[in-house]
Structures are given as structure tokens and as C-alpha cells.
Amino acid sequence: MELKVLEISYELDNEEGLNALFFQTSEGYYTISRLKEEDNLYMELNSQENGKYFDTEYFDCSVRNGCISFNVPENRNWDLGIYQNVTLLFSPVNIDEFKRISMVVRNIFTERTGMYYTNE
Numbered sequence: 096m097e098l099k100v101l102e103i104s105y106e107l108d109n110e111e112g113l114n115a116l117f118f119q120t121s122e123g124y125y126t127i128s129r130l131k132e133e134d135n136l137y138m139e140l141n142s143q144e145n146g147k148y149f150d151t152e153y154f155d156c157s158v159r160n161g162c163i164s165f166n167v168p169e170n171r172n173w174d175l176g177i178y179q180n181v182t183l184l185f186s187p188v189n190i191d192e193f194k195r196i197s198m199v200v201r202n203i204f205t206e207r208t209g210m211y212y213t214n215e
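Per my numbering, the very first residue in the sequence shown carries number 96; after that it's consecutive.
And the structure:
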């Protein structure tokens with residue numbers, strides 16, 4: 096599924112240890128988040144009723160300035176429904192903002208024992 100992003104907001108390791116990306120899209124919204132001490136990430140598309148928790152190992156993630164993709168590799172037999180393969184397309188942002196967005200994505204998908212980026 097490809098979604099055109101109209102607006103991006105994010106939290107980079109806030110005081111509660113939350114890392115989150117929120118995308119306002121032409122069809123609603125898409126959000127992905129993870130608390131620092133949690134094993135699973137959370138995804139939501141257009142409604143809390145659609146919200147689900149997933150193990151980070153389910154996804155391969157690609158981040159470029161103008162595009163973020165979350166994909167389940169073909170050799171894995173997980174059916175994640177609407178979250179199977181998502182590509183978010185957005186207007187490129189300045190380099191500092193792109194670095195912060197990239198840090199949020201890394202924090203969401205990195206194991207708790209791995210490298211972790213903070214707001215400091």
C-alpha cells in the first residue's frame with residue numbers, strides 16, 4: 096500500500112521514552128510508535144480499531160528523504176493484513192529534520208540492547 100503524506104510529526108525519545116511517527120495522509124493517518132522499554136512496536140491506520148502490536152523482526156524498514164517503507168520480506172509467512180507492506184511518500188525535508196526522523200525510525204526498530212538515539 097502506498098500512502099501520500101501531507102504532514103509528518105514525530106516524537107524522538109520523549110520524557111516517557113516514546114518514539115513515534117505520525118503521518119497525515121490523503122486518506123487519513125498512519126502512525127507507528129514504540130516505548131523504549133517495550134519489545135513490540137505499535138502501528139495504527141485511520142482508526143484505533145485497526146491498531147496492532149508487532150515484533151520488530153516482522154519488518155524490513157527503508158528510510159530515504161521522501162519515502163519510508165515498512166515491508167514483510169517474501170520469505171516470511173506472516174500475514175499482517177493492512178500492515179503487510181506500507182510505503183509512505185512525502186516531500187523531502189531539510190537534512191536536520193531528516194536525521195531526526197531517521198533516528199526515530201531506528202529507535203522504533205532497534206532492539207532495546209542496541210544503539211539508541213535521544214533528544215540530547
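Even glycine gets a Cβ: it sits at the ideal position worked out from N, Cα and C.
Practice problem: Use the C-beta contact count for V100: other C-beta atoms within 10 angstroms, 16 or more gives buried, fewer gives exposed. | Solution: Position 5 of the sequence shown, counted from the start, is the residue given in the question as residue 100. Classification of V100: buried, given that the 10 Å Cβ count is 16 or more.
Quiz item: Any idea if R159 is buried or exposed, counting beta-carbon neighbours within 10 angstroms, 16 or more meaning buried?
Solution: Walking along the sequence shown from the start, residue 159 turns up at place 64. Exposed: under 16 other Cβ atoms inside 10 Å.
Quiz item: Taking C-alpha atoms, which residue in D191, G161 and S197 lies nearest to T182?
Solution: Translated into the one-based positions of the sequence shown, residue 182 becomes position 87. Taking only the C-alpha atoms, the option nearest T182 is G161.
Self-check item: Runs of beta strand (DSSP E) wholly within the stretch 105 to 162 (minimum 3 residues, chain order)
Solution: 113 to 120, 123 to 130, 135 to 140, 147 to 150 and 155 to 159
Exercise. Pull up the DSSP beta-bridge partners for T182, would you.
Key: Your numbering for residue 182 matches position 87 in the sequence shown. According to DSSP, which records beta bridges pairwise, T182 is partnered with E97 and S164.
Quiz prompt | Alpha-carbon to alpha-carbon, D191 and K131 | solution = As a position in the sequence shown, residue 131 is number 36, starting the count at 1. As a position in the sequence shown, residue 191 is number 96, starting the count at 1. Rounded to whole angstroms, K131 to D191 spans 22 Å at the Cα level.
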